[in-house]
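Asker:
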Amino acid sequence: MKIAIASGKGGTGKTCVATSLAFVAAASRRVTYLDCDVEEPNGAILLKPSFEEARSATVSVPRVEPALCTGCGKCTEVCQYGAILSLNRRVLVFPHLCHGCGGCWLVCPNRAIRESAREIGQISFGWAGEIRFVQGLLNLGEAMSPPLICQVKAAAPSAGLVIIDSPPGTTCPVIESVRDVDYVILVTEPTPFGLHDLKMAVDLLRVLGRRFGVVINRARETEGLTSRYCEEEGIDILARIPDDRRVAEAYSRGELICGVAPAYEGLFAALLARVESQGPSERSLAGVMER
Numbered sequence: 000m001k002i003a004i005a006s007g008k009g010g011t012g013k014t015c016v017a018t019s020l021a022f023v024a025a026a027s028r029r030v031t032y033l034d035c036d037v038e039e040p041n042g043a044i045l046l047k048p049s050f051e052e053a054r055s056a057t058v059s060v061p062r063v064e065p066a067l068c069t070g071c072g073k074c075t076e077v078c079q080y081g082a083i084l085s086l087n088r089r090v091l092v093f094p095h096l097c098h099g100c101g102g103c104w105l106v107c108p109n110r111a112i113r114e115s116a117r118e119i120g121q122i123s124f125g126w127a128g129e130i131r132f133v134q135g136l137l138n139l140g141e142a143m144s145p146p147l148i149c150q151v152k153a154a155a156p157s158a159g160l161v162i163i164d165s166p167p168g169t170t171c172p173v174i175e176s177v178r179d180v181d182y183v184i185l186v187t188e189p190t191p192f193g194l195h196d197l198k199m200a201v202d203l204l205r206v207l208g209r210r211f212g213v214v215i216n217r218a219r220e221t222e223g224l225t226s227r228y229c230e231e232e233g234i235d236i237l238a239r240i241p242d243d244r245r246v247a248e249a250y251s252r253g254e255l256i257c258g259v260a261p262a263y264e265g266l267f268a269a270l271l272a273r274v275e276s277q278g279p280s281e282r283s284l285a286g287v288m289e290r
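Reading the sequence shown from the start, the letters are residues 0 to 290 in numbering that gives the first Met the number 0.
#1: From Ala-127 to Gly-9, what does the alpha carbon distance come to, in whole angstroms?
#2: Specify the secondary structure class of Phe-267 as computed by DSSP and reduced to three states.
#3: Between Ser-165 and Val-177, what straight-line distance do the alpha-carbon atoms span, to the nearest angstrom?
#4: Which residue or residues does DSSP assign as beta-bridge partners of Leu-84?
#5: Express the C-alpha separation of Val-161 and Gly-286 in angstroms, rounding to a whole number.
#6: Quick one: residues in its chain with C-beta nearer than 6 Å to the C-beta of Ala-56, no 5 flanking neighbours on either side, listed in chain order?
#7: What do you reckon, are the CB atoms on Arg-219 and Asp-242 nearer than 8 Å?
#8: List in chain order: all unbroken beta strand (DSSP E) runs of 3+ residues lying wholly within the stretch 184-222.
#9: Residue range of the alpha helix (DSSP H) that Gln-150 falls in?
#10: Could you give the DSSP three-state label for Arg-113: helix, strand or coil?
#11: Quick one: is Ala-249 buried, meaning 16 or more other Cβ sit within 10 Å of its Cβ, or exposed?
#12: For the alpha helix (DSSP H) that contains Lys-73, what are its first and last residues?
#13: Is the separation between the beta-carbon of Arg-110 and that of Leu-67 shorter than 8 Å?
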């Protein structure tokens, strides 16, 4: 089963929930933790993995052979992102704008454009106890993280429980992280800002057709608006994590929530059981049947 932990905004405690779920799950099954928050991965701060391997993550970009190019401009016509420009019978390539679709080298009549690779980041592999840990880290200055997120997800095994720590927000990186998972846990906080961004995340997941539920972090008596919204929208509140100073102090030291008190380990075990009771999605079952 694949479970993504997401949030409409940063700072809600998404990584705390993801790492704690991985920790309690590893006691009884095979678990892979994918840190897909590739612009600022921090799951390693809490799980403290030992990395054993790192690979370069690359994307395809065009490389022009000047001797073969006639400057016909067909490559410019097919590119929707302005990544290749035929100007005065000379072709200019802008690699950081390229989405690697391959259209330019497919339409070139003289085969003057070849496929080449450009590094966009690193993928690191290791173990945090019994948890398989995979982390993506985008290179500084890179504008597009979805290709790296896709490669991190491809590194996950086909069996066992996969927990995906998604980027915050509701943009393309989040869509890539959650588009083929079985269930999404949305972590929110009981504030006006938290509720506003939760609504955007809910709208996104409904468009994508993903099953989801909500965890309210730093829950307190003033969470009425968030609870009322979930009730009105028919959204399951999977768990409430109390507004506990001990949790904040543990996080500041880079420690898991489960280490604060035995009750928290039980809270996350119950959360995991509730999510797993939903079972794999129809798409996942279809994929198993195809294999």
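The beta carbon of each residue, even a glycine, is placed where N, CA and C say it ideally should be.
Answerer: So, to answer that:
#1: Within the model, the alpha-carbon separation for Ala-127 versus Gly-9 is close to 24 Å.
#2: In the three-state scheme derived from DSSP, where H, G and I count as helix and E and B as strand, Phe-267 is classed as helix.
#3: Ser-165 and Val-177 have their C-alpha atoms some 8 Å from each other.
#4: According to DSSP, Leu-84 bridges with Leu-91.
#5: Caution is warranted here: a pLDDT of 45 is assigned to Gly-286, below 50, making its placement in the model unreliable, and no coordinate value can be reported.
#6: The answer, listed in chain order, is Ile-119, Gly-120, Ile-122, Leu-147, Gln-150.
#7: Taking 8 Å as the Cβ cut-off, Arg-219 and Asp-242 qualify as a contacting pair.
#8: Those beta strand (DSSP E) runs which fall completely within the stretch 184-222 and span 3+ residues are 211-218.
#9: For Gln-150, the uninterrupted alpha helix (DSSP H) run begins and ends at 145-153, by DSSP.
#10: Annotated three-state conformation of Arg-113 is strand, per DSSP.
#11: Ala-249 should be labelled buried.
#12: Its alpha helix (DSSP H) spans residues 73-77.
#13: Going by C-beta atoms, Arg-110 is nearer than 8 Å to Leu-67.
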